[in-house]
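Chains as they are written, first to last, in the working numbering: chain A, 1 to 131; chain B, 132 to 262.
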């Protein structure tokens, strides 16, 4: 069940120490462009836009997930936004060149990034204890 | 497509000036409890947990949405978390007493809260210009 026809979650995660993250890779501008394009296309009542924390594809951001289909878009730039709005939200298609299609590979990537994030957090905690 | 069997987005939105929001209503503790319970149940590889910004049911938080089903849970307290983990993520059921079931009512509520948020933002901007 979705109150709107589409619900898109846009990752705006920030990370410390220069770690790769959607915010550093320009998700703020992508979010602004997305909202503007949705408004321009008259799709405000069709698409709900929500920001989200890390979904685990940090090196390949900006990332977004569109429901109800569960389409995971990676590496979305401002220039890609009009196509996503037109093709996906307007016509119900998928922008294939930006969509991840292998759930097993995605799960492995997310799990590995989760492991690295925990490791980095532990390293930071250890450093803080020393100083 | 979802890399994990379930993906839950937990709203942790903060809002200024005492406006109702999931953060003020305890979403941080709910998130911690959710992560702990998922780990305890051995479901780390089954459920992906992601934080999210406002989904528009601010007076009724903490809110979370579970995919692929698109179940919108509202008013989730720490005490509700074990049941959600056991019944939904463990057994594939829905905790009916916390789930919203009327998408049209939900859309109206979200649209009204969106209108109020824009109004409040404009009022803040106007006040800032005066001072």
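All C-beta atoms in this analysis are idealised placements derived from N, C-alpha and C, irrespective of residue type, glycine included.
{"Asked": "Can you pull the chain B residues whose beta carbon is under 7 Å from the beta carbon of residue 51 of chain A, in chain order?", "Found": "183 and 184"}
{"Asked": "Identify the continuous alpha helix (DSSP H) that holds residue 259 of chain B and give its terminal residues.", "Found": "234-261"}
{"Asked": "First and last residue of the beta strand (DSSP E) that includes residue 139 of chain B?", "Found": "137-142"}
{"Asked": "Could you list which residues in chain A have their beta carbon closer than 8 Å to that of residue 146 of chain B, in chain order?", "Found": "Per Cβ cutoff of 8 Å: no residues; residue 146 of chain B is ~14 Å from chain A at best."}
{"Asked": "Let me check understanding here. Comparing Cα to Cα, which of B:164, B:176, B:242 and B:193 lies closest to residue 134 of chain B?", "Found": "B:176"}
{"Asked": "What in chain A is Cβ-close to residue 241 of chain B, meaning under 9 Å?", "Found": "3, 4 and 48"}
{"Asked": "Could you have a look at residue 196 of chain B and say whether DSSP puts it in helix, strand or coil?", "Found": "strand"}
{"Asked": "Just to check my reading of the structure: residue 251 of chain B and residue 150 of chain B have Cβ atoms closer than 8 Å, yes? What is that Cβ distance to the nearest angstrom?", "Found": "7 Å"}
{"Asked": "State yes or no: is the C-beta of residue 199 of chain B within less than 8 Å of the C-beta of residue 70 of chain A?", "Found": "yes"}
{"Asked": "For the putative contact between residue 48 of chain A and residue 241 of chain B, defined by C-beta atoms under 8 Å, what is the C-beta separation to the nearest angstrom?", "Found": "7 Å"}
{"Asked": "Buried or exposed for residue 254 of chain B, please, with buried defined as at least 16 other CB atoms from any protein chain shown within 10 angstroms of its CB.", "Found": "exposed"}
{"Asked": "Is the beta carbon of residue 65 of chain A less than 8 Å from the beta carbon of residue 55 of chain A?", "Found": "yes"}
{"Asked": "Residue 138 of chain B and residue 181 of chain B look like a contact to me (Cβ under 8 Å); what is the Cβ gap, rounded to whole Å?", "Found": "7 Å"}
{"Asked": "To the nearest angstrom, how far is the alpha carbon of residue 140 of chain B from that of residue 167 of chain B?", "Found": "16 Å"}
{"Asked": "Since residue 193 of chain B and residue 207 of chain B are thought to touch, with beta carbons under 8 Å apart, how far apart are those beta carbons, to the nearest angstrom?", "Found": "5 Å"}
{"Asked": "Are there 16 or more other CB atoms within 10 angstroms of the CB of residue 156 of chain B, so buried, or fewer, so exposed?", "Found": "buried"}
{"Asked": "Following the continuous beta strand (DSSP E) through residue 78 of chain A, name the residue where it begins and the one where it ends.", "Found": "Per DSSP, residue 78 of chain A belongs to no beta strand (DSSP E) and is neither H nor E."}
{"Asked": "Going straight from the alpha carbon of residue 233 of chain B to that of residue 101 of chain A, what length do you get?", "Found": "31 Å"}
{"Asked": "For residue 235 of chain B, is the classification buried or exposed, using 16 other Cβ atoms within 10 angstroms of its Cβ as the cut-off for buried?", "Found": "exposed"}
{"Asked": "With 16 as the cutoff for other CB atoms within 10 Å, does residue 170 of chain B come out buried or exposed?", "Found": "exposed"}
{"Asked": "Could you tell me which residues DSSP puts in a beta bridge with residue 173 of chain A?", "Found": "Residue 173 of chain A lies beyond the residue range present for chain A, which begins at 1 and ends at 131; the question has no answer from this structure."}
{"Asked": "Using CA atoms only, rank isn't needed, just tell me which of B:249, B:225 and B:184 is closest to residue 152 of chain B.", "Found": "B:184"}
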